[in-house]
Every structure is written in structure tokens, then in C-alpha cells.
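Colleague: Below is the structure I would like to discuss, written out as C-alpha cells.
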Amino acid sequence: MLTANTSAAGLSAHITGTGPSIVFLHSLLSDRGSLEPMVPLLSDRFRLVLLDLPGFGGSPRAGGLDGQADAVAAAVAAACPGEMPILFGNGYGSFLALATALRHPQLSSGLFLAGCGAGFTEEGRGAFRFMAAKAGKDGLEAIAETAMLRLFPAAMAARVPQTLAERRAAFVATNPEVFGEACGILATLDLKDAARHLAVPVFACAGTLDAATPPVMARELADLVPNGTFHEIPDCAHVPTLQAPAEVAVLLTGFVSTVEAPPEPVAAAQAG
């Protein structure tokens, strides 16, 4: 099994496993380390491409949602030549995966999105404006506690102090300008009309306890797209890859099987 840290069209990537490819895009409040629990669960059946989003880790910045989607598309094409892989997105990564699939409809064969939607309520938009303004003035450390509560509710955080500390350290290491730009994108994002014409199937899921992207947003997206499925993950918040990795592995494997072998169309009735 090949495992490598590499560059895919400029974006930093960790590639491991054998089989059809799945490309993973992480949350704004985390980094690709939040995806690593999926590796031992899936790498014996799939080739996993864990990308650092533009501006994160070793990846250069890209301007605006369209620029970031184009950068991701180039990385997917470089990392998965000759394939139309599944795109897996969590949080900001889910919105970026959706935007990428809309701009590059022949790039992927399906989207598995966790903590997702096609646009936020005005209350949700206000939260991103607040975090961007506070971080711009006082730095990411000033909103780290707020950010971690959006990842882990207090009761859940108390059960996983080491994981929480790791995620907090990853968050405060984020480039504040990258974070602020992403918050601005999310505060204005509206992909609802475009999602109605999406060419690929979507599995939209969310944790019951997700305060950042509540389950109602994932349900709305699943209802908007032509071929959508909604699933709610109990006792889980915004990062299912950390909080419910075994269930995510089962759901993702099942989704891949439906994309690889779509149901046979029903034959038209013969005229009598």
C-alpha cells in the first residue's frame, strides 16, 4: 500500500490506500488531521486523498470560492488521473466540494458531505461575520473557545480532552487572513438554485448535536439536489470523522457502492 505526502497541482496532500479514490476536504475549524481516523477504517478498500484546503497546511492560498474550487479541481485531477472520484467534504470542505462539483461537473462521481448545506440562515451568517471581525481584531486565540464549542458541545468535549486540545492547536495555527476570507464566503454563500441542477448524487449527513451546520441544512440540501440522501448521525456534532468515524466509514462505503453500481432503470411497459 503506497502512502505519501505529496503535492497535487499545488495543494498539499496525503495519499494512502488501494482501490477507487475518495478525496477528503476538511472543515474550516480544523485541518486534514481531523480526517485521519478514517484512514485505518477505509485504506484497505479505497485510495484516500486527504487534501489541505487552499491556505491550510502546505497549500497556497486561492482567492474566492470560485478560485478555491478551481484549485481543488486541479488537485483532484492531478491526484486521481483517469478517475471520477467521490468527494468527501466536512463543514467548509463540504461547501467547497459542492462548489467544485457545480463548476466542474465531470470531475467527480458523487458527493458525501458531512455538516453541510447550500446556504446559511441570517443568524448563521451573522456568526461568521462576528468570528471574522473578532479574529481580525484580536487574533484566532480570541475566538478559539467559541470555535471549539462549534466543533464539540461541552459534554462531548469533556470526554475527549486530548482530541479537543489537538483541534484547538490546529485552529489557532490557521492563517487569520485565510480564516477571515472563508468566513466572508460562508456569510454570503447561496448555492441553493445551482444545487437544483447538480449532476451527481449527494449523501448529505449531519450530527444531531451539530451547532455549526444543523441537520436541517443537510436535509434541505438533500431535498434540493436531483439525487440526494439525508442521514442524521446521533450523538455526533460537527466533525463526524472524529466523533463517529466507524459510522461514517459504513455510510461512506455504502454510498460508494450505490455510485459504482447504480440501480437498473425500470423497463418501459410494452404496448399491448
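Residues 1 to 272 (full-length UniProt numbering) are what the sequence shown spells out, left to right. Note that CB positions come from ideal geometry on N, CA and C, so glycine has one too. It should be emphasised that the depicted structure is a prediction, and the values quoted were computed from it without experimental measurement.
For Thr200, count the other beta carbons within 10 Å of its own beta carbon; 16 or more makes it buried, fewer makes it exposed. Which is it?
Modeller: What you label residue 200 is simply residue 200 of the sequence shown in a count that begins at 1. According to the sequence as given, residue 200 is Val; it is not Thr. So Val200 ends up on the buried side.
Colleague: Below 9 Å between beta carbons: does that hold for Gly91 and Leu164?
Modeller: Stepping through the sequence shown from its first residue, residue 91 is reached at position 91. Stepping through the sequence shown from its first residue, residue 164 is reached at position 164. No, the pair does not count as a contact, with Cβ atoms beyond the cut-off.
Colleague: Does DSSP put Phe120 in a helix, in a strand, or in coil?
Modeller: In the sequence shown, residue 120 corresponds to position 120, counting from 1. Here Phe120 sits in coil by DSSP.
Colleague: Is the beta carbon of Thr241 less than 9 Å from the beta carbon of Pro60?
Modeller: Within the sequence shown, the letter at position 241 stands for residue 241. Within the sequence shown, the letter at position 60 stands for residue 60. Against a cut-off of 9 Å, the Cβ pair of Pro60 and Thr241 comes out as no contact.
Colleague: Tell me whether Phe152 sits in a helix, a strand or coil according to DSSP, three-state version.
Modeller: Within the sequence shown, the letter at position 152 stands for residue 152. Three-state result, Phe152: coil.
Colleague: Compute the beta-carbon to beta-carbon distance between residue 288 and Ala114, rounded to the nearest angstrom, for a pair I have assumed lies under 8 Å.
Modeller: This structure does not reach residue 288, given that the chain is present from 1 up to 272, and the question cannot be answered.
Colleague: With DSSP collapsed to three states, give me the class of Val49.
Modeller: On the sequence shown, position 49 is the one that residue 49 refers to. Here Val49 sits in strand by DSSP.
Colleague: Sorted by chain position, which residues of the same chain lie with C-beta nearer than 6 Å to Asn175's C-beta, five sequence neighbours on each side aside?
Modeller: Counting from one through the sequence shown, the residue named residue 175 turns up at place 175. Cβ within range, chain order: Gly55.
Colleague: Where DSSP assigns a beta bridge to Val23, which residues make up the other side?
Modeller: Reading the sequence shown from its first residue, position 23 is the one you call residue 23. According to DSSP, Val23 bridges with Val49, Leu87.
Colleague: To the nearest angstrom, report how far apart Ser30 and Arg150 are at their CA atoms.
Modeller: To locate residue 30, count along the sequence shown from 1; it is residue 30. To locate residue 150, count along the sequence shown from 1; it is residue 150. Ser30 and Arg150 have their C-alpha atoms roughly 11 Å apart.
Colleague: What does DSSP give as the partner residues of Ala207 in its beta bridges?
Modeller: The residue labelled residue 207 in the question sits at position 207 within the sequence shown. A small correction: the amino acid at residue 207 is Gly; Ala does not occupy that position in the sequence shown. According to DSSP, Gly207 bridges with Ile233.
Colleague: Nearest to Asp235 by CA position, among Pro215, Thr253, Pro105, Thr16, is which residue?
Modeller: For the purposes of this step, residue 235 is taken as residue 235 along the sequence shown, with counting starting at 1. The candidate whose alpha carbon is nearest that of Asp235 is Pro215.
Colleague: Kindly give me the distance between the Cβ atoms of His238 and Ala212, rounded to whole angstroms, as I take these residues to be in contact under 8 Å.
Modeller: On the sequence shown, position 238 is the one that residue 238 refers to. On the sequence shown, position 212 is the one that residue 212 refers to. Yes, His238 and Ala212 are in contact; Cβ-Cβ is about 5 Å, under 8 Å.
Colleague: Near Leu102, which residues of its chain fall below 6 Å by C-beta distance, leaving aside the five closest residues on each side in sequence?
Modeller: Residue mapping note: residue 102 aligns to position 102 of the sequence shown, counting from 1. Around Leu102: Ala194.
Colleague: What would DSSP say about Thr6, mapped onto helix, strand or coil?
Modeller: Along the sequence shown, one-based indexing puts residue 6 at 6. Strand.
Colleague: Quick one, are the C-beta atoms of Leu51 and Ala75 less than 9 Å apart?
Modeller: Residue numbering aside, residue 51 sits at position 51 when the sequence shown is read from its first letter. Residue numbering aside, residue 75 sits at position 75 when the sequence shown is read from its first letter. Yes. Within cutoff.
Colleague: Do the region 6-26 and the region 130-139 make contact, defined as three or more Cβ pairs closer than 8 Å?
Modeller: no
Colleague: Would DSSP call Ala271 helix, strand or coil?
Modeller: Taking the sequence shown and counting its residues from 1, the one referred to as residue 271 is at position 271. Note that Ala271 scores a pLDDT of 33, beneath 50, so its modelled location is shaky; the value from the coordinates is reported in the next line. If DSSP states are grouped into helix, strand and coil, Ala271 belongs with coil.
Colleague: In terms of residues, what are the limits of the alpha helix (DSSP H) holding Gly67?
Modeller: Within the sequence shown, residue 67 is the residue found at index 67, counting from 1. Where Gly67 is concerned, the enclosing alpha helix (DSSP H) stretches over 64-79.
Colleague: Measure the alpha-carbon distance for Glu83 versus Ser21 and round it to whole angstroms.
Modeller: The count along the sequence shown starts at 1 and reaches residue 83 at position 83. The count along the sequence shown starts at 1 and reaches residue 21 at position 21. The straight-line gap from Cα to Cα measures roughly 8 Å.
Colleague: For Val24, which residues from the same chain have a beta carbon less than 6 Å from its beta carbon, with the 5 sequence-adjacent residues on both sides left out?
Modeller: Along the sequence shown, read from residue 1 onward, the residue named residue 24 stands at position 24. Sequence inspection shows Phe at residue 24; the Val mentioned does not correspond to that position. Closer than 6 Å at the Cβ level, and outside the excluded window around Phe24, lie Leu35, Leu50, Phe88.
Colleague: Would you decide whether Pro161 is buried or exposed? Buried here means 16 or more other CB atoms lie within 10 Å of its CB.
Modeller: As a first step, residue 161 is located in the sequence shown; it is residue number 161 there, counting from the start. Burial call: exposed.
Colleague: Express the C-alpha separation of Val259 and Ala268 in angstroms, rounding to a whole number.
Modeller: For the purposes of this step, residue 268 is taken as residue 268 along the sequence shown, with counting starting at 1. For the purposes of this step, residue 259 is taken as residue 259 along the sequence shown, with counting starting at 1. The predicted position of Ala268 is uncertain, since its pLDDT is 37 and thus under 50; a value taken from the coordinates is nonetheless stated next. The straight-line gap from Cα to Cα measures roughly 23 Å.
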